[in-house]
Structures are given as structure tokens and as C-alpha cells.
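Numbering (our numbering), first residue to last: 16 to 316.
Glycine residues also receive a C-beta, built at the ideal position from the N, C-alpha and C atoms.
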Amino acid sequence: MDWNTSIKDYSLYLRLERGMSDNTLEAYIRDVRKLKDFLLLIESTEKPNTLTRDDIMQFMMYLNKEFFLATSSQARILSSLKSFFLYLNETDQTENNPVELIEAPRLPKKLPDTLEVEEIDNLIAAINHTTYEGRRNHAIIEVLYGCGLRVSELINLTLDCLYFEEGFIKVVGKGDKERFVPIGEEAIHQVDLYLQNDRHTKTPKKGSESILFLNRRGAKLTRVMIFTIVKRLAEEIQLGKNISPHTFRHSFASHMVEGGADLRAVQEMLGHESITTTEIYTHLNKDYLQQVVTEFHPRVN
Numbered sequence: 016m017d018w019n020t021s022i023k024d025y026s027l028y029l030r031l032e033r034g035m036s037d038n039t040l041e042a043y044i045r046d047v048r049k050l051k052d053f054l055l056l057i058e059s060t061e062k063p064n065t066l067t068r069d070d071i072m073q074f075m076m077y078l079n080k081e082f083f084l085a086t087s088s089q090a091r092i093l094s095s096l097k098s099f100f101l102y103l104n105e106t107d108q109t110e111n112n113p114v115e116l117i118e119a120p121r122l123p124k125k126l127p128d129t130l131e132v133e134e135i136d137n138l139i140a141a142i143n144h145t146t147y148e149g150r151r152n153h154a155i156i157e158v159l160y161g162c163g164l165r166v167s168e169l170i171n172l173t174l175d176c177l178y179f180e181e182g183f184i185k186v187v188g189k190g191d192k193e194r195f196v197p198i199g200e201e202a203i204h205q206v207d208l209y210l211q212n213d214r215h216t217k218t219p220k221k222g223s224e225s226i227l228f229l230n231r232r233g234a235k236l237t238r239v240m241i242f243t244i245v246k247r248l249a250e251e252i253q254l255g256k257n258i259s260p261h262t263f264r265h266s267f268a269s270h271m272v273e274g275g276a277d278l279r280a281v282q283e284m285l286g287h288e289s290i291t292t293t294e295i296y297t298h299l300n301k302d303y304l305q306q307v308v309t310e311f312h313p314r315v316n
């Protein structure tokens, strides 16, 4: 078993069977290659199926000494290596998993930044509604916040994904997995205004004919464009927070959970594979928790 073949086969596995995006796949492969390069550096002849726990520990110590890795980077590399060796186990290329008993460093829990409803209203109020871009951007913000979408999901929305009579939109998420997400009246209203008064004024570029949100040249918006829209609005109102399009997704989830929404329902709407990913939004304030206890605990009243 040689490193190049193992890495090539693993890459195909991540793409075809795990359905990973290009960026995530490249990160996983890059971490495995770091291990391979380290072994070359120390002139080791170890192959993937002969590595031991000590080899991995030596590799991690080298990375820490040379690059002063942050805790998050250490955890990510170990996670990538664990996935690689699990793949080798599952495909009967080795019975050994040298990463299995290595404990990843504990990551400090960082809660995502969120916006208050008033701050979202202020961002929308700063939009110039006299322009095509402004009216389109209002619809974009309403959909980002109202449906909790990822940026990639937003820019890839198509006209046939809109089921407004039923109150849903169809979203294609990570790994091309489809889900239906409820959409509120205000978001529907703003998207309808954009469709009726603006979008038809642009001749779609080839390949963008069915895309919902177009730029002024008729092409699909890019991730960078959405980031720019949000950053400029934040600067316009001197928000004082470092926000991104993903902040609206965090705000959607946080406000839903704080309002009493079932965590499983929020998980479904966000398209999270694991409920543990959604649980980060249970960072409710103490006043709200006290209110819940007062309202529902039989011994409090």
C-alpha cells in the first residue's frame, strides 16, 4: 500500500460516497498530505497501514513545534486523520487505526454571533429601495433571515423552488440533499415584489435562466457579492458587529429556539445532519430560562 494510491482512493470516496464539497474535501486531503510529507521529512518508510499511535503523536508534536497550531487546527487535523484511517479500516486496507485512541484537544465553546430583530430592521431600513439592487437585496435579507439559509443555498435558489401557495421553498443543501423550508409572509412579499417589478427587467445570462437572484448583468450572484451586500449595510448603520450572511442563519436559529421552537424542527429547517450541531442555539438568556421554569414547572407557582 503506497501513500499516493491511498490518498487518491480516499479522495474519490469523500467525493462520491460522502458527497463532500470541494473545499471540505481539499481540507481533508491537505491534512493527510501533511502527515505523508512529515514522514518523508524524517525519512520514514512507514506506509498508511503500518503507522502507530506514536507516529501520529510525533507528527502532532512536530506541527505544534514548527507552526504553533491553534487548538482548533489540532482538532481539525486529528479529525481528518481519523476519517482517513476509518476509511482504510472500512475498505480492509488495514486493521490498524493509530488515531483512534488519541484524544483531540478540547475546543472552547464559541457561540455564534447573532443579530437582534431591531438590528435586522435597521439593516433593511438602510437599503436604497429606489434601485434594482436595493429591492433585490431586501428580498435577499428577508430570505436569509426568514429561512435560515446558507449563502450557497441562497445563490442557487431557482424559480421552480418557490412554493409560495404552500408557504415553502425547496432548498438544495450540502451533499445535494433537498429539504423544504417554511417561508414567512414578509419574505414571500419581498420576493414577489422583486419578481413582478425587477427580475424580468434583466436578461439572464446562459446558465442563469432559472436562478432567482440575478445581478444587474443577468448573472447568478456569487458568495462574495452576498458578503459585500451585508458588510456594506452593516457599515451604513455603523452596526459595530462583524457580521456575515451566515449571521442571519445564526439569528434565525437562535430566535426560533428562544421563542420555544422544537429543536428537531429547527434542525430540519437548517438541514443539520446531527442534532448536536443545532444544540449550540440553546444558549438562551437567563431571563428566558427563568420565564420557562416559572411558566411550566409545577412546583414554582
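Inter-residue CB distance, Leu-174 and Leu-227 (contact presumed, cutoff 8 Å): The pair is a contact, with the Cβ atoms about 6 Å apart (cut-off 8 Å).
Anticipated Cβ contact below 8 Å, Ala-249 with Ile-258, distance rounded: The pair is a contact, with the Cβ atoms about 5 Å apart (cut-off 8 Å).
Span separating the alpha-carbon of Glu-131 from that of Leu-159: So the alpha carbons of these two residues sit roughly 15 Å apart.
Residues that Leu-177 bridges to, as DSSP identifies them: Leu-177 is bridged to Ile-184.
Length at least 4, wholly inside the region 22 to 68: the alpha helix (DSSP H) runs in chain order: Here the runs fully enclosed are 37 to 56.
Under the three-state DSSP convention, the category Arg-231 falls into: The answer is coil: DSSP assigns Arg-231 none of H, G, I, E or B.
CA-to-CA distance, Glu-283 to Gly-182, given in whole angstroms: Across the structure, Gly-182 and Glu-283 are spaced so that their CA atoms are roughly 16 Å apart.
Endpoints, the alpha helix (DSSP H) within which Arg-194 is located: Taken as a continuous stretch (DSSP letters only), Arg-194 belongs to no alpha helix (DSSP H), being part of the beta strand (DSSP E) at 193 to 197.
Candidates Gly-161, Gly-190, Leu-254, Ser-94, of which the one nearest Asp-46 by Cα: Ranking Gly-161, Gly-190, Leu-254, Ser-94 by Cα distance to Asp-46 puts Ser-94 first.
Leu-56 classed as buried or exposed, judged by whether at least 16 other C-beta atoms fall within 10 angstroms: Burial call: exposed.
Sufficient close CB pairs (3 or more, under 8 Å) joining the region 262 to 280 to the region 289 to 299: Short answer: they touch.
Per-residue DSSP class, three states only, for Ile-226: When secondary structure is reduced to three states using DSSP, Ile-226 falls in the strand class.
Inter-residue spacing [alpha-carbon to alpha-carbon] between Tyr-178 and Ser-225: So the alpha carbons of these two residues sit roughly 15 Å apart.
Asn-212 - containing alpha helix (DSSP H), residue span: First-last of the alpha helix (DSSP H) with Asn-212: 200 to 212.
Those runs of the alpha helix (DSSP H) which lie wholly inside the region 67 to 102 and span at least 4 residues: Along the length of the region 67 to 102, whole alpha helix (DSSP H) runs at least 4 residues long occupy 68 to 82, reported in chain order.
Sufficient close CB pairs (3 or more, under 8 Å) joining the region 137 to 148 to the region 236 to 243: Cβ pair count under 8 Å is below three, so no.
Proximity below 8 Å, CB of Ile-44 to CB of Ser-26: Ser-26 is positioned such that its CB atom lies closer than 8 Å to that of Ile-44.
C-alpha distance - Phe-218 paired with His-204, whole-angstrom precision: Before going on, a small fix: residue 218 reads as Thr here, not Phe. A direct Cα-to-Cα measurement between Thr-218 and His-204 gives close to 23 Å.
Where Glu-200 falls, given that 16 or more other Cβ within 10 Å makes a residue buried: By the neighbour-count rule (16 or more Cβ atoms within 10 Å), Glu-200 is not buried but exposed.
Sufficient close CB pairs (3 or more, under 8 Å) joining the region 74 to 92 to the region 32 to 40: The region 74 to 92 makes no contact with the region 32 to 40, as fewer than three CB pairs between them are under 8 Å.
DSSP state of Glu-133 mapped onto helix, strand, coil: Assigned with DSSP and collapsed to three states, Glu-133 falls in helix.
Rounded separation between Ile-170 and Glu-110 - CA only: Those two C-alpha atoms are separated by around 44 Å.
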